[in-house]
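Beneath this line is the structure, given in structure tokens, with notes to follow.
Residue numbers (our numbering), protein chains in the order written: chain A, 8 to 266; chain B, 8 to 266; chain C, 8 to 266; chain D, 8 to 266.
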């Protein structure tokens, strides 16, 4: 869509975007630094000033973006309304709104969660530069394989639920503290099937270990299926791209002219 | 098979199916909730009533399905008998039968195991909707790669058995409690080769660690082989599907008629 | 090689082979059971008798195979000598020889190691039946990708050595017991790069954790490369096989006759 | 580049190269052995003499390589300068320079780090023999997939940062020692997403475990994407190599001339 890309370019100034992304980055860095108790105590004032400044800039940016939305959707009847309900604009709003609602800001923990939306704002990085194309390829592969990936995730969840119930039945009488209920058992199942294996919960009975062994082996398969789907997806998309480059007028195999 | 699909559609009413699947889901949720000791004590009566109601519905459904089996297999001589011995019908029977046999129901643990058959009943979800096609692709890939996958599982079991015996020989004199016998050693081998690595059992001798290192590296290969098989399977099936759609009488690339 | 396959069939009697494989299986089962201390004490006599009987049968089989070696290599000048130095015959000899050398049999541990050669004898299972073909495909893929796989293993060893030395330098002053020397550090590197992660050794310093994080991420790549190689190998071999089935006289793409 | 390869062959004598590589190998072995405290104490003098001898040989080699650089780049104006700033020459210099700077050599730990450059010198092994070709294939795959791999690493880092902040918020109040700040939480995120799972840090709250489960499942995807990219890269490069060999003027399938 070259014309829509041109329109977007009108709306966006590269310098402003780079600046905003840098500010988002700094804002996330400040979240990380504030998590260090001694830093939070010592430089509490600095963090607060930076916070206020950041929110001010983000708010200004948000208002200006709504203002110029008619440049983004020229033919549209209500361009500003359309912009406000767009995914990125909602994220942008959620990242600043809580700071204007004192009753929310009161709870530090909730505030931090809300500020996570700024991370999503960081996704804008992908819009810039030469990586955009590669990201599109990855997203295309995921989109084209989506139903297969969903099915494999569903199979995975089914196996997890099954393992969790069996393991609870087998291990609960021996380790009531490790396997108190099916939900706790599900935690074990997920750790095992994804091959993370923290080692905080593991079977000790012979039946449990036998069953866990079978589940671990199934785990390899569980990993192999989505990997296989994605690998085949990339093979197919890359082949598709290459054939795009070939002139379509001749058969790439036997060289016959295609009329 | 469009005609068999049509017949099945006669037998199945989408509304009923959705209701039954919802009930199966609720029934599994009740298994999970009952595993919480405090919930089981407090709402014991509720769970019991729900259980009786569920079994009643499942029994009615089972009888009705046998009743209408002649619609499912019209040309068949003994359609009801054929339905009764079908895989899904056996699962359905196993999911309700134990509740009519008091001497089985007496043992709570065994009962829970039996109820696991309801999970298999949940597999019906896959029959519905737009994911059926994607599931067929996954099953086709697994079916077509089945001999290769079985061989790779056999190689894997062989490596596991080998590692277990070697590790038992090496580590047993130093850690008799961790490696008391070859079966316990096999547990270590499976945890390592599948890269789960709980950390409950691991070698401490230099020889044992050297051997475990080799085994871990082999583990990558063990995972790589089935993943590679499945990836190649998907590549091949996806390509195959595309060529299925093309009429075989024309070159799929340039459209020339093949004489 | 149909003619070599026919010759082999002359030499081998399916019934005898199945019996021998069953005996090898039982012999390995006996190794496993003997590792249980209480069983070894209680049924020591039974195990001994079974051992002697097994070795007797294996010895008889070995002699008969040498005897009939001329049927296996009909055109050969020294068929028996050729058979004796073949891989499977050496394995067969190693599996029985120690029992005739009393000074070796004296050491139980060494004896158990020697008996591991019987596991390799179990590899004969793959010669039988319908899985032989699938095994050939897997072996072909590994053989064709062997140089690439060796390079990726070498890269992997290089990364391991590098990580081990860095980690020893960083963590040794803080955890001298966990990282006493580079070899111990290498154990950590292997556990991490193969994503096994037992959790017996892990970095605690900030620098160490930062470095371990980089290494873990590299670990994904280390696994991805051989998996990718093998996946591509299977894709290539499966495509090759399919084109084998196609009649070679016509171009499979445009249908032109190949003169 | 056949002509550049010929020039390089003039500069390099296989015997010398093999000797140098062997000396690098011994030098790294000495680093490993010196990490054993008792060996370092007992054979301190031997290690020192070997060190001095090694550095002497490496220095002589470095000077001779500069001397003969005009044979390597015959047409060049300043061949020696060009050689000195080349990647391998800088590595070579870094591997010997510190031993001539007494104030650096004073710090044993820093010295060991510097000596790590010798590991990079070991990379010369790949220049020799029949594996060079296979390494080129692997490097070509990585190079061609590099933008996609970088994007998937960036996505991975994004998911890690996101998980770390969420997990810190959820687990910090319950386990302040395990999740003291976002950086510590990041360590958990990396261990989990790469499926290493040491088990030194793991969530204990229900919310934390639910979140960790989602992250673990995403972890499979995180591994699947680069594996898929590399697998598709190998498939493409291997296919590409085959088509490179085929003359482009004929249909690769039926051999018809393409007009």
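Note that the Cβ used here is the ideal one computed from N, Cα and C, for glycine as well.
Next item on the list: Under 7 angstroms Cβ to Cβ from residue 128 of chain D, same chain only, skipping five residues before and after it: list those, please.
Entry: For residue 128 of chain D, where only same-chain residues beyond five positions count, the Cβ hits under 7 angstroms are 31, 98, 99, 102.
_Looking at chain C, is there any beta carbon in it that lies within less than 9 angstroms of the beta carbon of residue 149 of chain B?_
No - not a single Cβ of chain C is within 9 angstroms of the one on residue 149 of chain B.
Notebook entry, point to check: Of all the CB atoms in chain C, is at least one closer than 9 angstroms to the CB of residue 232 of chain B?
Noted result: It does; some Cβ of chain C falls within 9 angstroms.
Exercise for review: Establish whether the CB of residue 196 of chain A and some CB of chain B are separated by less than 9 angstroms.
Suggested key: Not a single CB atom of chain B sits nearer than 9 angstroms to the CB of residue 196 of chain A.
(Q) Can you give me the C-alpha to C-alpha distance between residue 171 of chain B and residue 190 of chain B, rounded to a whole angstrom? (A) About 8 angstroms.
Would you say residue 144 of chain A and residue 155 of chain D are within 9 angstroms of each other, going by their C-beta atoms? For the 9 angstroms CB-CB criterion, residue 144 of chain A and residue 155 of chain D form a contact.
message = Quick check on residue 45 of chain D: does DSSP put it in helix, strand or coil?
response = Helix.
Is it buried or exposed for residue 233 of chain C, if we count other Cβ within 10 angstroms and need 16 for buried?
So residue 233 of chain C counts as buried.
Rounded straight-line distance, which links the Cα of residue 39 of chain C to that of residue 252 of chain C: Because the pLDDT of residue 252 of chain C is 38, which lies under 50, any placement of that residue in the model is unreliable, and the question is left without a value.
Exercise. For my contact list, residue 198 of chain B and residue 223 of chain A are in at a C-beta cut-off of 8 angstroms; report their separation, rounded to the angstrom.
Key: With 8 angstroms as the limit, residue 198 of chain B and residue 223 of chain A qualify as a contact, their Cβ atoms being about 7 angstroms apart.
If you measure from the beta carbon of residue 202 of chain B to each beta carbon in chain D, is any gap under 9 angstroms?
-> Yes, residue 202 of chain B lies at the interface with chain D (some Cβ there is under 9 angstroms from its Cβ).
message: Counting only Cβ pairs nearer than 8 angstroms, list the residues of chain D close to residue 164 of chain C.
response: Per Cβ cutoff of 8 angstroms: no residues; residue 164 of chain C is ~10 angstroms from chain D at best.
Does the beta-carbon of residue 210 of chain B have 16 or more other beta-carbons within 10 angstroms, so that it is buried, or is it exposed? Under this definition residue 210 of chain B is a buried residue.
For this session: Please list the residues of the stretch 32-44 of chain D that have a C-beta atom closer than 9 angstroms to any C-beta atom in chain C, keeping them in chain order.
Result: Of all residues in the stretch 32-44 of chain D, only 35, 38, 39, 40, 41, 42, 43, 44 place a beta-carbon less than 9 angstroms from a beta-carbon of chain C.
For residue 236 of chain A, which residues in chain B fall below 7 angstroms Cβ to Cβ?
Near residue 236 of chain A (Cβ distances below 7 angstroms), the residues of chain B are 241.
Query raised in the report: Roughly how many whole angstroms lie between the Cα atoms of residue 45 of chain A and residue 51 of chain D?
Result: Distance between the alpha carbons of residue 45 of chain A and residue 51 of chain D is about 45 angstroms.
Separation of residue 235 of chain D from residue 78 of chain A, as counted between CA atoms: Rounded to whole angstroms, residue 78 of chain A to residue 235 of chain D spans 40 angstroms at the Cα level.
Hey, would you say residue 27 of chain D sits closer than 9 angstroms to residue 68 of chain D, going by beta carbons?
Taking 9 angstroms as the Cβ cut-off, residue 27 of chain D and residue 68 of chain D qualify as a contacting pair.
query: Where residue 269 of chain B and residue 123 of chain B are concerned, what is the direct C-alpha to C-alpha distance, given to the nearest angstrom?
result: Residue 269 of chain B lies beyond the residue range present for chain B, which begins at 8 and ends at 266; the question has no answer from this structure.
How should residue 153 of chain A be labelled, buried or exposed, when 16 other C-beta atoms within 10 angstroms of its C-beta is the threshold for buried?
-> Residue 153 of chain A should be labelled exposed.
Nearest candidate by alpha-carbon position, reference residue 201 of chain B, set A:221, A:182, A:89, A:41: Looking at the Cα atoms, A:221 is the closest of the given residues.
Residues of its chain near residue 268 of chain A, where Cβ-Cβ distance is below 7 angstroms and the 5 sequence neighbours each way are ignored | Nothing in the structure corresponds to residue 268 of chain A, since chain A is present only between 8 and 266.
Subject >> C-beta neighbour in chain A for residue 212 of chain D, strict 9 angstroms >> reply: Judged by the 9 angstroms Cβ criterion, residue 212 of chain D is not in contact with chain A.
Going along the chain, which residues of the stretch 165-177 of chain A sit with their C-beta nearer than 8 angstroms to a C-beta in chain B? If the cut-off is 8 angstroms between Cβ atoms, the stretch 165-177 of chain A has 165, 168, 169, 172, 173, 175, 176 near chain B.
Please list the partners that residue 245 of chain C has in chain B, where partner means a Cβ-to-Cβ separation under 7 angstroms.
-> Those within 7 angstroms of residue 245 of chain C in chain B are 239, 243.
When you compare each of A:162, A:229, A:80, A:215 to residue 177 of chain A by their alpha carbons, which one comes out closest? Proximity to residue 177 of chain A across A:162, A:229, A:80, A:215 peaks at A:215, based on C-alpha coordinates.
Tell me, please, whether the CB atom of residue 189 of chain B is closer than 9 angstroms to any CB atom in chain C?
Yes, because at least one Cβ of chain C sits closer than 9 angstroms to the Cβ of residue 189 of chain B.
For residue 174 of chain C, which residues from the same chain have a beta carbon less than 7 angstroms from its beta carbon, with the 5 sequence-adjacent residues on both sides left out?
Taken in chain order, the residues that qualify are 186, 192, 195, 196, 210, 215, 218.
| query | Ends of the alpha helix (DSSP H) at residue 200 of chain B? | reply | 189-200 is the extent of the alpha helix (DSSP H) around residue 200 of chain B.
What is the residue span of the alpha helix (DSSP H) that residue 160 of chain D lies within?
Run containing residue 160 of chain D: 153-178, per the alpha helix (DSSP H) assignment.
How long is the line joining the alpha carbons of residue 147 of chain B and residue 231 of chain A, rounded to whole angstroms? Near 15 angstroms, if we compare the C-alpha coordinates of residue 231 of chain A and residue 147 of chain B.
Between which two residues does the alpha helix (DSSP H) holding residue 53 of chain B run?
51-74 is the extent of the alpha helix (DSSP H) around residue 53 of chain B.
Checklist line | residue 207 of chain C, DSSP secondary structure in three states | finding: Three-state result, residue 207 of chain C: coil.
- Message: Along the chain, where does the alpha helix (DSSP H) containing residue 90 of chain B start, and where does it finish?
- Response: Going by DSSP, residue 90 of chain B is part of the alpha helix (DSSP H) stretching over 86-91.
_I'd like the list of long-range same chain contacts for residue 61 of chain C, defined as Cβ closer than 7 angstroms, with 5 residues on each side in sequence excluded._
Answer for residue 61 of chain C: 30, 34, listed in chain order.
DSSP three-state label for residue 143 of chain B, please. Three-state DSSP puts residue 143 of chain B in a helix.
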